[in-house]
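Novice: Following this message is one structure expressed as structure tokens.
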Amino acid sequence: MFKQFLSKLPRKSSKSDSGELNRSSSGPVSSPVQRSGTSGGGSGPVRSNSGKRMSSAVFPASVVAGIEPLVPFKDVPSSEKLNLFVSKVSLCCVTFDFSDPGKNSIEKDVKRQTLLELLDFVASGSVKFTEPAILAMCRMCAVNLFRVFPPNYRSSSGGENDDDEPMFDPAWPHLQIVYDLLLKFITSPCLDAKVAKKYLDHAFIVRLLDLFDSEDPRERECLKTILHRVYGKFMVHRPFVRKSMSNIFYRFVFETEKHSGIAELLEIFGSIVSGFALPLKEEHKIFLWRVLIPLHKPKSVGNYFQQLSYCITQFIDKEPKLGSVVIKGLLKFWPITNSQKEVMFLGEVEEIVEAMSVMEFQKIMVPLFLRIACCVTSSHFQVSERALFLWNNDQIVNLIGHNRQAILPIMFTALEKNAQNHWNQSVLNLTLNVRKMFCEMDEALFMSCHARFKEDEAKQCSAAEKRKEVWARLENAASMKPITGKTAVLVTPRATSIAC
Amino acid sequence: MAMVDEPLYPIAVLIDELKNDDIQLRLNSIRRLSTIARALGEERTRKELIPFLSENSDDDDEVLLAMAEELGVFIPFVGGIEFAHVLLPPLESLCTVEETCVREKAVESLCKIGSQMKENDLVESFVPLVKRLAGGEWFAARVSACGIFHVAYQGCTDVLKTELRATYSQLCKDDMPMVRRAAASNLGKFATTVESTFLIAEIMTMFDDLTKDDQDSVRLLAVEGCAALGKLLEPQDCVARILPVIVNFSQDKSWRVRYMVANQLYELCEAVGPDCTRTDLVPAYVRLLRDNEAEVRIAAAGKVTKFCRLLNPELAIQHILPCVKELSSDSSQHVRSALASVIMGMAPILGKDSTIEHLLPIFLSLLKDEFPDVRLNIISKLDQVNQVIGIDLLSQSLLPAIVELAEDRHWRVRLAIIEYVPLLASQLGIGFFDDKLGALCMQWLQDKVYSIREAAANNLKRLAEEFGPEWAMQHLVPQVLDMVNNPHYLHRMMVLRAISLMAPVMGSEITCSKFLPVVVEASKDRVPNIKFNVAKLLQSLIPIVDQSVVDKTIRQCLVDLSEDPDVDVRYFANQALNSIDGSTAAQS
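Residue numbers (full-length UniProt numbering), protein chains in the order written: chain A, 1 to 500; chain G, 1 to 588.
Next comes the structure, spelled out in structure tokens:
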């Protein structure tokens, strides 16, 4: 289904035209800035003096031809305004080396002023943008914004990353206005999406999405708003945007586990999900199952947990039947060794279960409470506490009460173990309360569980014994059988004994 | 319970165990699959166990991982190679699970099995499996498929081969970047199995597509394949097809791509031949050595020796050496450190004169580097330079650096230098050592970090081995024994440690005459820790000295200690006494 849907999309975005966007440049500006190799001349590599080498790759030390300010918009007749717009935009295609603040400071200021003028012009919304204007604008944004981020020294566990401050692009003063301009441009009523989609194409979107990996939260914030608007305005691109975002998530979950912008992307997705029509398309449900739930797996889930959780509750709000699916997924990715994550998961479980119908709840209660029983007996007191807090939720207690025949037998051993020897006083108190609650709920059941518990305790040892014996007999039986004589086999009897 | 009379159903045992809630038990039972298989016998393994496993792919990833691994070595249990195909279905379904490491393990096992299968079995069961995975709906299947093409391709029919190549080319153009990445990283492996006629016609086309991918991550993996592909091609094809790509990549706007190129550029030198190396690869490499991005320079600097080894010396001196000079004062310590770890290797390439003229100043400046890793990297490769420039020149410039490192404020640096002292001593010779390093060795024995003191004691032993007992008697023993009166008990303890290490090297006579009196004296120390260490030390001396000495001196001393008020001292003294009795009993 998913595949079918995807196959309707063009296999590859048309790369060629966007490539041209960056390569060729026309207009009054002398030359577009390109990577001019790595060094400016014979004088050796250009290096910034401090360790924070930031935009060297972005702004090579090329010679910037003088840029002259153009006449203000108010001085030309309306018929000329768009031509002036194109000229001004083209002027802003020049990029500067910001690692040296003293360099080209006059030109930098000219560009800044021009950008601000453009911002005003776009905001005024006086003229409908023509194709050349849109092309120029997209090209200018591409030249300024689409860049390769420098290595992230913080993640490589070197010796000298004491400062945990993210590295900020020194070119931010310009970047920020370009972002503002792009946002204003996209949201402008003077921009016809049907015309603009040709230039704001798939390749443009992919590169825009790549920027979400920026370490600068301000930049990600700008991108978030822009992408949101693109999604809103360009209906044709919606499936593509969703698919490209999924690709970023897949790569993050299954390959790298490194990405700075997952939280922002999920935030956008949260509002996309809340806009889904009912009944939910199969494609969207697959996204929930294949992308959102696996996003619980990475170590850094804490960075985007809130946004993730929001997306998931949006899904369940739309279709309550998905609750059990989500719980099953959470159980699959349940963190065993990371207590912090475990606490987060318990919080999400509470939120989901709280809203469940009895029918849905019954689908997952047995595996869920097996897991909760493990959490209750956790030696990490926060995990144990968080699990026991579930019984403070009236809605959940109500569900448990209805299904006590299934749940109490699972929980009983855990509660009993805690009552006997949990080290933490507050866990102990909570445990005793929950136990009391069960006892008051159904005393007869409680007593029978108690009896079973005693019985099981006695049997436990013999079960382990029996298991050992069965395996010993199997080993014995196995050693009697000859294995195929045609192949040489190394048989290494496993020394590991079965845990009791 | 009448267990013994119950009939044994191996499959039932497994099913029962796999139902258990405790993952550890499930894991254990999977780890013992081979036992179950043997108990079942080959035929029932094929007909009952394997089908059961195929259906049981809904467990925790950890259990699935174990299963994927076990199945890789399962051929003997299903009846040998002609039945290997029965193992494919469970592995196929493991290839499609979400978790990456399970899939990878399943692919690995499939490769193991496939490479042993007979040709018609390959054609009948393995190739269809590859095709099914490659056409899988979910990307996990297609990613897995990329890793097994090279196994399927060998030894199947021409028609199928054509089909497989076409399928792989589809994977290289897959809609999902995940799949294209897998295709890119496996292309080199696949290419080694493909006939040379198709290499240029088809594989290179796939390669070209991948190198033009709009995703940085895909191009990156394509670069990784450059060198591998280059080696498969004829030199002229390599020049025509690979060289332009790599030169282009060396100027890619992404530093990650340039980094990859820097890492493997040298591997291409041989493939393209000396002419193109000179005209194209050397300029590209020089650019990388001067890259704006430190990461790229680190990679390039680390390969400088390997690269130069493939050039003639003039070319290296003319083009590479100036860059090396620049790098030796690079702003990034990691670049200098990478350079320092390989630059010694350039000495034999350049020859003595050039080394003295060009390299020596660089060595010296790196030896004085403010960053200790850089200095260490130089010192650890000293033997290579020694051969070229000779010890005198070296020792003049070397010593200040060593002294400085010996007192570095990072104890790990001090530790590293101590570990090189025996090597240095052997290279520099006794004379040099006596003057300069002797005092340092004693100083380390009183370092404030335990690991350093421990390493220092060990160092004394290695020096004694290197220069012989007589020398040690003169230059090490008196100084060590002097320390026994140190007011700090930890330092007194170090004396005991040094004695226990040196005694076996020094032999019985010196041990009895020099060490033993000191040890016996130390047994009257006021600190219990010293005393029980004396007991332990005496125990270790027993095999070294004569029985008469044991009876006369050691035993008495231990008997005294065994009446000590401190429980630990008594414990170790008794341990030592027991071992005396044990050894006497063994002798009689």
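The C-beta atom is built at its ideal place from N, Cα and C for all residues, glycine as well.
Nothing here was measured: the structure is a model prediction, and the numbers come from that model.
Within the same chain, show all residues whose beta-carbon is closer than 6 Å to that of Lys306/G, passing over the 5 residues directly before and after it, in chain order.
Specialist: Tyr266
Novice: Are any of the Cβ atoms in chain G nearer than 9 Å to that of Arg139/A?
Specialist: no
Novice: So the candidates are Lys231/G, Phe249/G, Ser125/G and Cys323/G; which of them puts its Cα closest to the Cα of Val218/G?
Specialist: It is Phe249/G whose Cα lies nearest to the Cα of Val218/G.
Novice: Are the Cβ atoms of Leu208/A and Leu145/A separated by less than 9 Å?
Specialist: yes
Novice: Measuring straight from C-alpha to C-alpha, what distance separates Asn303/A and Leu490/G?
Specialist: 48 Å
Novice: Drop a sphere of 10 angstroms on the beta-carbon of Ala573/G, count the other beta-carbons inside from all chains shown, and report buried for 16 or more, exposed for fewer.
Specialist: buried
Novice: What does the Cβ neighbour count give for Ala552/G, buried or exposed, with the cut at 16 atoms within 10 Å?
Specialist: Strictly speaking, residue 552/G in this sequence is Lys, with Ala absent from that position. A residue is called buried once 16 or more other Cβ atoms fall within 10 Å of its Cβ, and Lys552/G, having fewer, is exposed.
Novice: Count the other C-beta atoms from every protein chain shown that fall within 10 angstroms of the C-beta of Asp210/A, then say buried if there are 16 or more, exposed otherwise.
Specialist: buried
Novice: Count Cβ pairs between the segment 314 to 324 of chain A and the segment 339 to 350 of chain A that sit closer than 8 Å; are there 3 or more?
Specialist: Because the criterion of three Cβ pairs below 8 Å is not met, the segment 314 to 324 of chain A and the segment 339 to 350 of chain A do not touch.
Novice: Answer with yes or no whether the minimum CB distance from Leu122/G to chain A is below 9 Å.
Specialist: no
Novice: Since Ala535/G and Leu558/G are thought to touch, with beta carbons under 8 Å apart, how far apart are those beta carbons, to the nearest angstrom?
Specialist: The distance from the Cβ of Ala535/G to that of Leu558/G is about 6 Å, consistent with a contact at the 8 Å cut-off.
Novice: Report the neighbours of Asn247/A on chain G: residues whose CB is nearer than 9 Å to its CB, in chain order.
Specialist: Met176, Pro177, Met178 and Gln215
Novice: State buried or exposed for Arg23/A, treating a residue as buried only when at least 16 other CB atoms are found within 10 Å of its CB.
Specialist: Model confidence at Arg23/A stands at a pLDDT of 38, short of 50, so the residue's coordinates are unreliable; what they give is reported in the following sentence. Exposed, by the Cβ-count rule.
Novice: Ends of the alpha helix (DSSP H) at Asn433/A?
Specialist: Note, Asn433/A: alpha helix (DSSP H), Gln425 to Met441.
Novice: Is the beta carbon of Arg123/G less than 9 Å from the beta carbon of Thr157/G?
Specialist: A quick correction: the sequence has Val, not Arg, at residue 123/G. Result yes, Cβ atoms of Val123/G and Thr157/G sit closer than 9 Å.
Novice: Between Arg142/G and Leu171/G, which are expected to be in contact by the criterion C-beta below 8 Å, what is the C-beta distance as a whole number of angstroms?
Specialist: 6 Å
Novice: According to the Cβ coordinates, are Leu71/G and Leu33/G closer than 9 Å?
Specialist: yes
Novice: Take Met494/G and list the residues in its own chain whose beta-carbon comes closer than 8 Å to its own, dropping the five residues that flank it on each side.
Specialist: Excluding positions up to five away in sequence, the list reads Leu445, Gln446, Arg453, Ala456, Ala457 and Met483.
Novice: DSSP on Gly41/A, reduced to helix/strand/coil?
Specialist: Note that Gly41/A scores 36 on pLDDT, short of 50, meaning its location in the model is unreliable and no value can be drawn from it.
Novice: Among Asp109/A, Phe305/A, Val86/A and Val241/A, which has the Cα closest to the Cα of Phe96/A?
Specialist: Asp109/A
Novice: Distance, Cα to Cα, Ser271/A vs Gln307/A?
Specialist: 10 Å
Novice: Taking Leu64/G as the reference, which of Leu18/G, Gly230/G and Ser169/G has the closest Cα?
Specialist: Leu18/G
Novice: Apply the 10 Å Cβ neighbour rule to Ser196/G and answer buried if 16 or more other Cβ atoms are within range, or exposed otherwise.
Specialist: exposed
Novice: For chain G, check one thing: does any of its Cβ atoms lie closer than 9 Å to the Cβ of Tyr250/A?
Specialist: yes
Novice: With a threshold of 8 Å, are at least 3 pairs of Cβ atoms found where one atom belongs to the segment 50 to 69 of chain G and the other to the segment 101 to 112 of chain G?
Specialist: yes
Novice: Taking only three categories from DSSP, how would you classify Arg147/A?
Specialist: coil
Novice: Comparing alpha-carbon positions, which option in Asp180/A, Arg112/A and Val291/A lies nearest Phe333/A?
Specialist: Val291/A
Novice: Would you say Leu308/A lies against chain G (beta-carbon separation less than 9 Å)?
Specialist: No, Leu308/A does not count as interfacial toward chain G.
Novice: Under 9 Å between the Cβ atoms of Ile312/A and Ile293/A?
Specialist: yes
Novice: Using only CA atoms, which one of Gln547/G, Val569/G and Pro322/G lies nearest to Asp581/G?
Specialist: Nearest of Gln547/G, Val569/G and Pro322/G to Asp581/G, Cα basis: Gln547/G.
Novice: Report the residue from Phe190/G, Ile356/G and Cys308/G whose alpha carbon sits nearest the alpha carbon of Ile349/G.
Specialist: Cys308/G
Novice: Do the segment 364 to 381 of chain G and the segment 340 to 349 of chain G touch if we need at least three Cβ pairs shorter than 8 Å?
Specialist: yes
Novice: Show which residues of chain G have a CB atom less than 7 Å away from the CB atom of Val470/A.
Specialist: Val13
Novice: Just the chain A side, please: which residues come within less than 9 Å of Arg375/G by C-beta, in chain order?
Specialist: Under the 9 Å cutoff, chain A gives no residues; its nearest Cβ is about 15 Å from Arg375/G.
Novice: Taking the beta carbon of Pro150/A as the centre, do at least 16 other beta carbons fall within 10 Å, making it buried, or is it exposed?
Specialist: Per the 10 Å Cβ criterion, buried.
Novice: Where does Gly230/G sit, in a helix, a strand or coil, going by DSSP?
Specialist: Taken through DSSP and simplified to helix, strand or coil, Gly230/G comes out as helix.
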